[in-house]
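Visitor: Quick note, our numbering runs 93 ahead of the 1-based positions in the sequence shown.
By construction, the Cβ of each residue, glycine as well, lies at the ideal position given by its N, Cα and C atoms.
Please read through the structure below; I'll follow up with questions.
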Amino acid sequence: MNDGVSVKGNCFCGAVEIEVSGSPEAMGYCHCESCRHWSAGPVNAFFLWKPEAGTVTRGADKIGSYAKTENSHRKWCKECGGHLMTEHPHMGLIDVYAAVIPSFDYRPGLHVFYSESVLPIHDGLPKMSDVPAEMGGSGETLPE
Ligand SMILES: [Zn+2]
Ligand SMILES: [Zn+2]
């Protein structure tokens, strides 16, 4: 279990280091067009945390930020271009990507924005059309 653990992760070059502690609010895969376009990947593995669960422990001055919409402030390392996290102010959560904290035990529970998917995944997990109702979405699920 992840409860009570504290794990460090870093950007691609290591200039920026992040520490997360406690338990994430949710873990899963995001298929939205914004995540795919920004990351240049077909799906993004996320960890959603309360903002206070994550701390930048090195290289805070090297973090760039871009918000295409007010819902998502995307952060990366200005040295290497490696992606770090996305702040979701309206949800009150931050996504420190699974790829950034590989030593944290990743146990995906759902897929979000599956209506925008380009990579169908048949893993038996719930496929949300957008996001669960408790995260401000429709709560609607789609077939795999
Ligand atoms: Zn870097
Ligand atoms: Zn997304």
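Quick check on the burial criterion: 16 or more other C-beta atoms within 10 angstroms. Buried or exposed for R200?
Guide: exposed
Visitor: Rounded to whole angstroms, what is the Cα-Cα separation between P195 and T162?
Guide: 28 Å
Visitor: Is G115 near ligand 1 - that is, is its Cβ less than 7 Å away from at least one heavy atom of it?
Guide: no
Visitor: Under a three-way DSSP split, which group does D188 fall into?
Guide: strand
Visitor: Who pairs with S158 in a beta bridge, going by DSSP?
Guide: K168
Visitor: Between the C-alpha atoms of I111 and N137, what's the straight-line distance to the nearest angstrom?
Guide: 18 Å
Visitor: Would you identify the three-state DSSP class for Y207, choosing helix, strand or coil?
Guide: helix
Visitor: State yes or no: is the C-beta of S127 nearer than 7 Å to some heavy atom of ligand 2?
Guide: yes
Visitor: Rounded to a whole number of angstroms, what is the C-alpha to C-alpha distance between W142 and D188?
Guide: 6 Å
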